[in-house]
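Per the working numbering, the sequence shown runs over residues 2 to 689.
No residue lacks a Cβ here, since even glycine has one placed at the ideal position from N, Cα and C.
Here is the structure we will look at, set down as structure tokens.
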Amino acid sequence: MTGPSNIETWIQDAHPLDQLFERLEAAQDCPKKVPIAEVAGGLDIRCGPILRLLGTLEQGQSNYRATLMIVTKDESTTADARVTFVKGPVQPQNDADFSQGEFPGKIYHVQDGHTFWRFHIDLPLEQYEQKVRYTVNDALTFDFYVPRLDQPMNIISYSCNGFSLATQTDSFKGSLWYDVIRKHYTENRYHVMLGGGDQLYCDAIKNASDVFHKWLNEKNPIKKQHAKFTGDIERSFNEFYLKQYLEWFGKGFWVGTQGRTLQSLFPFAMACIPSVNIYDDHDIIDGYGSYRDSTMGTEMFRGVGTVAYKYYMLFQHQTSLENDKEYNTDPSWILGKRPGPFIAEHSHSVFTKLGNGIGFLGLDCRTERKLKQIVSDDTYNVVFKRLKDEVRQDPNIKHMLVMLGVPIAYPRLVWLEWLLTSSILAPVRTLAQKGVIAKGLVNEFDGSVEVLDDLNDHWCSKHHKKERNALVARLQEFGASLGVRVTILSGDVHLCAIGRFRTKLHHHLISQSKYEEHNKQVLEHPEEDPRLMFNIISSAIVNAPPPDAMATLLNKRSKGHHFDRLTDEDMVPIFGKDVDGSERSNKQFLNKRNWSDLVHIRNFNPDGSRPGYEIGTWRYPQSSAGLAKDFEPEEQRDFQYPITENSLVTRIHVEKDPADIQSETTDYEIIVPELAGKHQLKDIGVKD
């Protein structure tokens with residue numbers, strides 16, 4: 002057979018939304034234990050299938066590369082894994098449009114009775130968008146989509162995909178993964194989803210073994226510093242991370258101290274939309290990398306990082322560091338120069354093209370992290386060389402998406418850092434470390450104030466601010482010199498916002514004609530502004546949002562800044578109305594669960610089917626809840642952007658009601674214009 006027996010069956014989705022909603026309804030009665038695995042086609046599949054994108058349009062080719070992972074339980078599996086496929090146009094005309102085949106596979110790892118299978122997907126891009134329908138052992142069938150040869154991908158960005166350990170989960174009935182899949186099938190056909198870190202929450206490692214739990218509660222710092230990472234502890238860590246991944250990536254099942262959840266549509270989404278991921282602290286343990294170097298350097302903490310990294314690579318990048326050397330030389334990797342200070346592995350940043358015209362950098366901001374460093378200078382040099390080489394080889398790249406786990410354009414909280422580390426609180430910290438008062442005030446790792454690791458994680462913390470400024474300056478210079486618009490994607494903070502860098506406006510000199518002309522140029526021609534760079538902040542897709550008081554604090558602390566004497570930095574007040582249409586006073590930070598997408602303007606209305614994105618017109622930030630008010634005349638160009646031939650439409654989809662099983666969202670949209678021309682920026686140095 003070279004195609005489906007009925008083309009109408011092919012056009013229809015393999016999994017209708019009503020069937021997926023039934024799965025969502027069933028998940029409301031969350032079991033106390035992980036759901037029992039089913040044997041399909043002789044396979045006891047404990048995790049997968051999971052798709053991972055590797056690359057497109059590489060070295061001048063018209064290619065598409067991806068992989069597919071399955072993890073099986075050995076004792077119950079009676080057959081080898083096999084993946085067959087049929088592919089053809091999304092809208093076929095006749096059976097001659099179809100072809101079929103089998104994806105070659107291999108075993109790349111075996112662990113504690115589980116076998117990891119990886120299948121290689123290598124397809125040619127065509128003049129039409131393709132649907133690929135694949136089947137595992139003639140039993141499980143899923144679809145994914147491959148863009149046209151000239152088409153940029155439709156992109157999802159998400160983060161914080163899990164609950165913190167002590168979250169009370171009862172009030173979260175809906176699943177934003179249902180909203181992702183609903184829009185995937187009814188609106189956009191997403192080609193890739195970018196995981197910005199915390200794809201699962203591993204903080205329960207604290208209770209993984211009695212020895213580790215005892216170490217965490219040890220009050221004697223000398224004993225804590227010199228405790229040995231024994232073979233028994235290592236085995237308990239291996240058991241924990243394997244189980245955590247199999248349950249969450251395999252079934253969407255998780256148990257915390259105050260509740261449990263079954264997010265069964267998350268594994269389904271990974272079977273239908275290829276992923277590219279970076280990782281953050283919760284993929285290891287809360288705050289990893291941001292404690293004192295003396296704490297991070299203990300055998301126990303090195304052991305946590307090493308074991309977590311092994312499973313991060315096994316599940317999220319479908320490779321084994323131990324015995325998969327060929328795959329570790331894949332051209333999508335940008336490897337660090339030397340092993341990290343506490344995780345003794347080379348950092349694995351990712352570069353790939355997301356179809357025609359969009360490049361993507363997933364920067365590994367954990368492997369080399371320590372208290373006063375996020376990424377080493379040597380690794381930055383390797384990364385930027387790769388980016389420049391890629392754009393010079395492919396001038397079609399007009400947008401570069403840079404994924405950083407933690408926001409880089411975000412309010413400064415240096416005053417809170419100062420307070421928590423000052424001598425004023427020293428007596429209180431000492432008593433808390435000894436358990437005399439306020440035990441929850443300090444963490445169990447090194448006795449620092451509990452929230453300090455979150456502050457130390459931020460790019461604007463006192464330890465990282467200079468590195469942050471240097472990175473922003475390099476991104477500006479890279480984009481300007483090559484005519485590429487850089488957009489930063491971040492998560493971590495459990496709310497949504499949009500940060501912005503742009504060429505400085507001279508408000509206090511507005512009366513002088515030359516400055517009036519400068520401001521007019523900046524505001525009326527943002528597509529020519531080489532310093533315009535957005536930070537799209539989208540989190541959490543699963544975790545609970547922070548309280549209103551935290552969002553209000555951020556709003557009050559969010560002032561316009563002068564990044565340097567030629568660049569302004571601020572937050573875009575996009576949230577004028579709440580998800581229910583009511584007016585909001587806090588227009589910069591919306592503390593509700595969310596996810597985001599980025600869709601190239603050409604993908605919205607190639608046939609004119611979606612009006613509203615006409616080339617040459619201007620568009621204010623939009624919301625399906627309605628605009629808060631008409632902009633004042635002096636604001637009309639401040640938040641408005643032109644729709645150009647290579648604009649990206651960026652939308653943040655915000656949950657209306659966490660108790661609603663329908664998981665409906667309100668959309669907030671901003672236009673990211675391309676960068677016209679190439680620009681030489683003045684070298685004015687980097688602020689400390």
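First and last residue of the beta strand (DSSP E) that includes residue i?
| i | result |
| --- | --- |
| ILE499 | 498–504 |
| PHE86 | 84–90 |
| ASN536 | 534–538 |
| ASP571 | 568–572 |
For residue i, which residues from the same chain have a beta carbon less than 6 Å from its beta carbon, with the 5 sequence-adjacent residues on both sides left out?
| i | result |
| --- | --- |
| ASN755 | The chain is shown from 2 up to 689; residue 755 falls before or after that span and cannot be answered. |
| PHE267 | TRP178, GLY253 |
| ASP151 | ASN357 |
| THR422 | Only weak support is given to the placement of THR422: the predicted model assigns it a pLDDT of 42, under 50, and the question is left unresolved by the model. |
| LYS435 | Because the pLDDT at LYS435 is just 47, under 50, the model does not fix this residue reliably, and the point stays unresolved. |
| LYS386 | none |
| ASP233 | none |
| PHE241 | ILE206, ALA209 |
Just list the residues that DSSP pairs residue i with in beta bridges.
| i | result |
| --- | --- |
| ASP579 | According to DSSP, ASP579 bridges with nothing at all. |
| TRP118 | ILE71, ILE108 |
| GLN623 | GLU670 |
| ILE653 | SER597, TYR669 |
| SER350 | ILE335 |
| GLN101 | VAL87 |
| ASP617 | The identity of residue 617 in the sequence shown is Gly, whereas the question assumes Asp. Note: GLY617 sits in no beta bridge, so no partner. |
| MET401 | GLY360, VAL487 |
| ASN278 | GLY196 |
| VAL256 | ARG261 |
In the DSSP assignment, find the unbroken alpha helix (DSSP H) run with residue i in it and report its ends.
| i | result |
| --- | --- |
| PRO222 | 222–227 |
| SER237 | 232–252 |
| ASP182 | Note that residue 182 is Ile in the sequence shown, not Asp. Start and end: 177–184. |
| MET301 | 300–312 |
| CYS273 | 266–273 |
| ASP390 | 378–394 |
| HIS519 | 514–525 |
| ASP294 | 294–297 |
Find the nearest neighbour of residue i within the set the options, judged by alpha-carbon distance.
| i | options | result |
| --- | --- | --- |
| ILE285 | TYR202, ASN357, ASP294 | TYR202 |
| LYS34 | GLY114, ALA498, GLY257, TRP596 | GLY257 |
| CYS273 | LYS184, LEU247, PRO527 | LYS184 |
| ARG638 | ILE685, GLU528, GLU656, SER597 | GLU528 |
| TYR65 | HIS16, ARG83, GLN131, THR73 | GLN131 |
| MET194 | SER625, ILE602, ASP598 | ASP598 |
| ARG47 | ILE542, TYR246, PHE241 | TYR246 |
| GLY198 | ASP96, ASP294, TYR159, LEU591 | TYR159 |
| TYR381 | SER348, GLY260, ASN397, THR307 | SER348 |
| ASN397 | LEU18, LEU58, ILE37 | LEU58 |
| GLY304 | VAL87, LYS88, ASN239 | ASN239 |
| VAL543 | GLY360, GLU391, HIS507, LEU496 | LEU496 |
| HIS192 | THR168, GLY163, TYR146 | TYR146 |
| HIS507 | VAL487, PRO547, HIS464, HIS563 | HIS563 |
| LYS174 | TRP11, LEU263, SER624 | LEU263 |
| THR10 | ASP75, GLY49, ASP45, VAL91 | VAL91 |
| TYR280 | HIS526, ASP493, GLU665 | ASP493 |
| PRO574 | GLY114, GLY49, ILE671 | ILE671 |
| LYS683 | ARG585, GLU656, SER482 | SER482 |
| LYS578 | PHE502, VAL133, GLU525, LYS657 | LYS657 |
| PHE535 | VAL473, ASP204, ASP211 | VAL473 |
| TRP255 | CYS31, TYR621, SER583, ASP294 | CYS31 |
| LEU364 | PRO342, SER333, ASP390, PRO275 | SER333 |
Under 7 Å, Cβ to Cβ, is there at least one residue of chain D near residue i?
| i | result |
| --- | --- |
| ARG134 | Among the chains of the structure shown, chain D does not appear; only one protein chain is present. |
Go through its chain and collect everything with a Cβ distance to residue i's Cβ below 8 Å, but skip five positions before and after it.
| i | result |
| --- | --- |
| ARG504 | The sequence shown places Thr at residue 504, not Arg. These residues qualify, in order along the chain: VAL523, ASP530, PRO531, ARG532, LEU533, LEU567, THR568, ASP569. |
| TYR310 | ILE285, LEU322, ILE344, GLU346, THR368 |
| THR68 | LEU52, ARG53, LEU55, ARG119, PHE120, HIS121, ILE122, GLN319 |
| ARG475 | TYR381, PHE385 |
| LEU388 | PHE352, GLY360, LEU362, MET401, PHE479 |
| VAL1 | This structure gives no information on residue 1, because the portion of the chain shown stretches from 2 to 689. |
Once you ignore the five residues that flank residue i on each side, which residues in its own chain have a CB closer than 7 Å to its CB?
| i | result |
| --- | --- |
| GLY484 | LEU676, GLY678, LYS679 |
| ILE108 | THR116, PHE117, TRP118 |
| ASP139 | GLY42 |
| CYS556 | The sequence given here places Asn at residue 556; Cys does not occur at that position. If we look at ASN556 and ignore the five residues flanking it on each side, its Cβ neighbours are ASN587, GLN589, PHE590. |
| VAL383 | ILE335, LYS338 |
Any heavy atom of the ligand MN within a distance shorter than 6 Å of the CB on residue i?
| i | result |
| --- | --- |
| VAL376 | Of ligands this structure carries none, so the ligand MN is not represented either. |
- Length-filtered (3 minimum) beta strand (DSSP E) runs lying within the stretch 131–216: 131–137, 141–147, 156–159, 193–196
- Entirely enclosed alpha helix (DSSP H) segments - the stretch 6–47, minimum 4 residues: 8–12, 18–27
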